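According to the UniProt record's numbering, the sequence shown holds residues 1 to 121 in order.
Don't be surprised by glycine CBs; every beta carbon is placed ideally from N, CA and C.
Note that this is a predicted model, so its numbers are computed, not measured.
Notes for the one structure printed next.
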Amino acid sequence: MFRACIVEGVFPDLWKMGKLVVLPKGGDRPLTDPKAYRPIFLVPILGKILERVNISCAPCLYRGISDAQHGFTRGRSTVTALNTINRITNGSTENYVQLILLDISGAFDNAWWPMVLLKAK
């Protein structure tokens, strides 16, 4: 059943139906601030299983993503990113090293993923 979903590129609508639960994040933000809450979407177990199967197949689909990508990449983290930066800066024979870091609020949620994957190749 899961194989057919992957081959056909189908994620059954019933498996996407779920319940949205909003939980407070904690901390000292006032509860009147919308950013003080974390939305959690509870989905059926079959949907979760299909999602996990898709994730396990994802590395073969995204081979074009740069080796410099550390976020949202299995086996990579902020620690591996910092180690890479450290290796580059310590190995530089120039007098200076330039580094540009971006952290754009909401960028992941608002990205148009077909274009992101096209540009990553």
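*CA-CA distance, A81 and Y96?*
19 Å
*Give the C-beta separation of Y37 and K48 to the nearest angstrom, bearing in mind that I take them to be a contact with Cβ-Cβ under 8 Å.*
Y37 to K48, Cβ: 22 Å. No contact.
*Does the beta-carbon distance from P34 to G18 come in below 8 Å?*
no
*What is the DSSP secondary structure of F41, reduced to helix, strand or coil?*
strand
*So who's on the other strand from V21, going by DSSP bridges?*
I40
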